[in-house]
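Presented below is the structure to which this report refers.
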Amino acid sequence: MRASLGASDTALAPARGRVTHTARAPEGRSVLGFLLLMGSALAGCGHAAPRHSPERQPPPHVLVVGLEQVALRTTAWVELHAWLAAEGAYAKAGAGDDRDEQLGRTTRTLEACEDERCARAAVAGTPFASPYLAALPEFLARHWTERAATARAGVELARAALGPEVEPLVTKLAQDLAIEWPTPPPVVDIVSRAPDPGRDAPIRVLLSAHGNCFARSRTESERMHDARVVDCVLAYAAIRLGPRSALARALSRELAERGIADDLDRAWTALVVHAVAVTVSAWEPKHSSVLRRSAASVMPQAMAWLAGEWPARMRGASVDDFAKQYAAALADARHAMARPAP
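Add 758 to a position in the sequence shown, counting from 1, and you land on the number used in our numbering.
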C-alpha cells in the first residue's frame, strides 16, 4: 500500500514545490492541536456535525512527501526494523556489529520496499530475519498506526523547516562535497525512534522523530530549531549520495591505497556531517549540530582534523588533494589507536 503526493495522507503531502512556514501551527501549539482547534472553529460556524464519524482507515504502508531538494519518507517496513533494533530485539543478531554495518545494509534494502513481499525478502538471510518476520504480522495489525503517527509528526516538522532558504544551502553543500545533486531529489527516511548508534558508528543509522534532531528547548528560537532540523535532514540526504560524489570516489581510492578501505563509510559520514554543520552554521551562527557532536564522540581525531582543514576545500583545494590529506589523517588516527598502551 503506497501513498504519495495528493494521496490519502493529504495533511502531510503538499503539492511538489517549495514549502514555506505558512503552514506552521501557532507558536506553542502542536500541529495536532492546531488542527483540532480549526476543526472546532469550523464546527461552530453553523455546519452540522456528521451523524457518524467516517471509519478510520489504517495509514498507508509507504508515504513519500516530495519537496524541492529532498523527499521525506516513512514506511512500515523500515519502521519495524528500527523499532526492533531500538527495543533490543536484535541484541543477539547484531552482536559485534559495532559500526552498524549489517544493520545499515538491511535498512537500505528495506528502504527500497513498497510492499510486504519485498520486506520479507529484504530480511531473508540476514541475522534479523527471525525476529523481524515473527513481529511483522502483529506490528501491521496493532502497532503501525501509532508508530506511523509519531514518524509523520517528524516528517511534518521537517517539511515546515525546509523552506526556500534551504536551496542555496544545498547548492553550497553540493559544490563543497562535489556531489551531483539528483533530480528527483534524494529520499530521507524518518522513523518514530531509531536505535542508538553502535559503539563505533558516528551517527544513528536512521533519522529519528523522537530524538535530538527534532526536540526543541524552551530557550531556542524557531530559526535555531529549524537550523537543527535542516542540518539533520541534509546530512542524512547527502550521506546517501556518496556514489554521486567525486570527492567520495577520490576518498575511496586513497583509503584503499592505505589499506583501510573499510573506513570509507565512516569517513564519508564524518565528512558530510562536518560539512553540513559548517554550511548551516553560516546561515544560522548560533547553530550547534547534534550530529557533529555524535560523530566527534566516536571519531575525535577525524572531526578535529576536519575542523581545522575543511575550510581548505572551500578555498579551492582540489578534490584529489583534499581526499589525499583526509585519508592520511584517518590512517594516522587508526594507527595511533592500534598502538598498545605504554
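Just so you know, even glycine gets a beta-carbon here, dropped at the ideal spot from N, CA and C. All values reported here derive from a predicted model rather than from experimental measurement.
Between the CA atoms of residue j and residue i - distance to the nearest angstrom
i	j	result
R905	V991	20 Å
G846	A918	32 Å
D1104	Y994	Because the chain in this structure spans residues 759 to 1100, residue 1104 falls outside the shown range and cannot be described.
V1038	D989	6 Å
G921	D984	9 Å
A844	D954	7 Å
A1070	T903	48 Å
T865	Q1083	31 Å
E896	A887	15 Å
Cβ distance (whole Å) where residue i is taken to contact residue j below 8 Å
i	j	result
W1026	G1066	That pair is no contact at about 19 Å.
A952	L964	4 Å
V949	E837	5 Å
A1086	A1004	Contact flag wrong, Cβ pair sits at about 19 Å.
Q827	E925	6 Å
D1021	L1088	6 Å
L868	A880	5 Å
Residue i (DSSP reduced to helix, strand or coil)
i	result
V820	strand
S966	strand
V836	helix
L1088	helix
S1055	helix
S975	coil
S811	Below a pLDDT of 50, predicted positions are generally treated as unreliable, and S811, at 46, falls in that range; the measurement from the model is reported next regardless. DSSP places S811 in coil when its eight states are reduced to three.
Residues near residue i by beta carbon distance below 6 Å, same chain, minus five either side
i	result
T833	V820
V945	A829 and R831
Buried versus exposed call for residue i [16 or more other C-beta atoms within 10 Å across all chains shown]
i	result
Q815	exposed
M1061	buried
A1094	exposed
G912	buried
D1079	exposed
R875	exposed
L894	buried
S966	buried
L790	Any answer about L790 is weak, because its pLDDT of 37 lies below 50 and its placement is not dependable; what the coordinates show is given next. Burial call: exposed.
R1024	buried
E914	buried
Neighbourhood of residue i by C-beta distance below 8 Å, restricted to the same chain and skipping five residues each side
i	result
M982	E1042, K1044 and H1045
Cβ-based neighbour list, residue i, same chain, cut-off 7 Å, excluding 5 preceding and 5 following
i	result
A1008	V1077, D1078 and A1081
A1006	G1000 and W1026
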